[in-house]
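Engineer: This structure is in structure tokens; I'll ask about it shortly.
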Amino acid sequence: MQALGLLGSAFVGILHPASILMMIAGVAIGIVFGSIPGLSASMAVALMLPLTFSMTPSMGLNTLVAVYIGGISGGLISAILLNMPGTASSIATCFDGHPMAKRGEAMKALGLGIVFSALGSIFSFLILTFCAPLLADVALKFTPAENFGICFFALTMVAILSSGNMIRGLLAGLFGLMFTLVGMAPIDGTPRFTFGSHNLMAGFDTLPTLIGIFAIADILVTAESMKGGRVETIPIKKVKGFGFSWQEFVYHLPNFFRSALIGTGIGILPGIGGSTSGMLSYVTAKNMSKHPEEFGKGCPDGVVATESANNATIGGAMIPLLVLGIPGDGVTAMMLGGFLIHGLSAGPLLFVKNADVVYGIFAACMLCTVIMLVVEWTCIKGFVQVLKVPKHILLPLILVLCCVGAYATNNRIFDVQSILIFGIVGYVYHKFSLPTTPFVLCFLIGEMLETYLRRGIMQYKSFGAFFARPIFDAFFFVAIGVLVWTVMKELKAYKIKKQSIDQ
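The sequence shown maps to residues 252 to 754 in my numbering.
Right, here's the structure in full:
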């Protein structure tokens, strides 16, 4: 009851014109940065940070929260319309969002993404408001061993993603793991597979890799299919509201709650991030679906799962930031700087000394989510006009945007070269019918898996000591169970197929 009272007072405190205008501006800036590959939410927060210096602590931090929320949600726009993940957390949105757009359902895909990303945010903010201290205690129990267990479990999802053609899927995933080995090794910094190149010392950055594997590869495939230098524009089906019915909304609720829980849980654990939660929720939704064969071909369930999870990660990532003073991801690390600018110290004492600021942030999170929903819904018809641009004009513009976005990531030409390399990789994958999803999952998880393994062995002296940790055991043996179950399922399907051919 005390929390509700403080939250009510906080809403009254932030509902004045100047504060609301700053939050609207913050959400809009975040959406723009999130929708352009290379201009991430963390970059937007970093640019806004100095501008909040002259504001009150409450208004300054609420503005940063607005940018954060808009930035994460904005990634779905380019992911659905252009097959370009605007942020790393919107990777899995490409898998089904863009195929939906290609068959004229861009409005529906955007509507689903916008609504369920907003609901995912609200879900995690409610947990943040009422359960933050309790969940922070749980997060403290996670050592490198437990984090390795989560990453190992996520990696075994490749088996599910490869169902139907496991050899091709595992081969695609293996290539993804191979690329994570390029650069300096975690912990000891030993150069690996750099071939004397200074550029390869830092390895391949995530965002340029994803821009290449999705956007550049898609440009090459589309350009190849163009006849006479032109292709017809994609038709856009007219829809009412957000593009889906009340019955469809109710149908997606179990998927939403499951994905939002995954997103919030992953967000609480520092260093794992929204890209992992989005992929995990996508794979889980596919595994739980009655029609898994539709995933990757424009299934609305995939969009709902990903957007619910990656936006729920926001509230989860803010739990360790506010309660422990430990950033949950890159954006909350920037926000920690915002606390310092305003003379505040994030951690347990923040709830005692500055409860008004904390609950002001909680209230701002919910209000900014509503603002995000209104802004994106208002602009949804404008977003889809991109699909009306002829491909012979749109493709060169996308290519330029990809190059600028890749360069903006680290301000180095090598990232521009990387998107071309991975664009060719994605094109080859398409030609040989290799799935890109296992590649992406392994690329995202590979470095974290190795880092936590090395840290765990340094801490516990041997890998065997991991099995003395119950949480690690749970993740490890569930992962083994998933592998065995998937292999058995594949063998059974193979036998049935062989019998039908023999008959």
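Cβ atoms here follow ideal geometry from the backbone N, Cα and C, with glycine treated the same way.
1) Rounding to the nearest angstrom, what Cα-Cα distance links Phe376 and Leu461 in this structure?
2) Measure the C-alpha to C-alpha separation of Ala568 and Gly514 and round it to an integer number of angstroms.
3) For a quick check, are the C-beta atoms of Leu624 and Ala474 less than 8 Å apart?
4) Compute the distance between the beta-carbons of Asn334 and Ala511, then report whether it is under 8 Å.
5) I'd like the span of the alpha helix (DSSP H) that includes Thr620, first residue to last.
6) On the criterion of 16 or more Cβ atoms from any shown chain inside 10 Å, does Leu370 qualify as buried, or is it exposed?
7) Could you work out which residue in Pro578, Leu618, Ile438 and Ser526 is closest to Gln710 when comparing CA atoms only?
8) Could you spell out the range, first to last residue, of the alpha helix (DSSP H) harbouring His503?
9) Taking C-beta to C-beta, are Phe613 and Thr314 nearer than 8 Å?
10) Taking the continuous alpha helix (DSSP H) assigned at Cys550, which residues delimit it?
11) Just how far apart, CA to CA, sit Val637 and Leu652?
12) Would you tell me roughly how many angstroms separate the C-alpha atoms of Ala357 and Ile664, rounded to the nearest one?
13) Determine the direct distance from the alpha carbon of Ala560 to that of Ser528, and round the result to whole angstroms.
14) Near Ala423, what residues of its chain come up, given a Cβ to Cβ distance below 6 Å and the 5 sequence neighbours on each side ignored?
15) Would you be able to state if there are at least three C-beta pairs under 8 Å between the segment 500-508 and the segment 311-326?
16) Can the beta-carbon of Ile320 be found closer than 8 Å to that of Ser286?
17) By Cβ distance, which residues of its chain are closer than 7 Å to Thr441, with the 5 residues on each side in sequence left out?
18) Which runs of the beta strand (DSSP E) at least 3 residues long sit entirely within the segment 642-701? Give them in chain order.
19) Which parts of the segment 290-342 are runs of the alpha helix (DSSP H), unbroken and 4 residues or longer, counting only runs that do not cross its ends?
20) In its own chain, which residues sit with a C-beta less than 6 Å from the C-beta of Met306, not counting the 5 before and 5 after it?
21) Alpha carbon to alpha carbon, how far is Ala360 from Ser596?
22) Measuring only the C-alpha atoms, how far is Thr620 from Val278?
23) Mark Asn217 as exposed unless 16 or more other C-beta atoms lie within 10 angstroms of its C-beta, in which case mark it buried.
24) Return the first residue and the last residue of the alpha helix (DSSP H) that Asp469 is part of.
25) How long is the line joining the alpha carbons of Glu544 and Asp552, rounded to whole angstroms?
26) Among residues of its own chain, excluding the 5 on either side of Met586, which ones have a beta-carbon nearer than 6 Å to its beta-carbon?
27) Give the single residue among Pro578, Met273 and Ala297 whose Cα lies nearest to the Cα of Phe284.
28) What is the DSSP secondary structure of Gly434, reduced to helix, strand or coil?
29) Return yes when the Cβ of Leu332 is within less than 8 Å of the Cβ of Phe634, no when it is not.
30) Between the Cα of Thr457 and the Cα atoms of Phe694, Ala744, Thr702 and Gly518, which residue gives the shortest distance?
31) Which residues does DSSP list as the beta-bridge partners of Arg443?
32) Using only the alpha-carbon positions, how far apart do Tyr658 and Asp469 sit?
33) Any idea what DSSP makes of Ile401, helix, strand or coil?
34) Do Val433 and Leu406 come within 8 Å of each other at the CB atom, strictly closer than that value?
35) Where Val609 and Leu618 are concerned, what is the direct C-alpha to C-alpha distance, given to the nearest angstrom?
36) Tell me the rounded alpha-carbon separation between Ser368 and Ser713.
Structural biologist: On the basis of the supplied data:
1) 29 Å
2) 9 Å
3) no
4) no
5) Ala606 to Phe634
6) buried
7) Ile438
8) Trp497 to Ile519
9) no
10) Where Cys550 is concerned, there is no enclosing alpha helix (DSSP H), given that its DSSP letter is neither H nor E.
11) 14 Å
12) 33 Å
13) 6 Å
14) Leu685, Pro686, Pro689 and Phe690
15) no
16) no
17) Met435
18) none
19) 292-299 and 308-333
20) none
21) 41 Å
22) 9 Å
23) The chain is shown from 252 up to 754; residue 217 falls before or after that span and cannot be answered.
24) Ala468 to Ser476
25) 12 Å
26) Leu315
27) Ala297
28) strand
29) yes
30) Phe694
31) Gly434
32) 20 Å
33) helix
34) no
35) 14 Å
36) 41 Å
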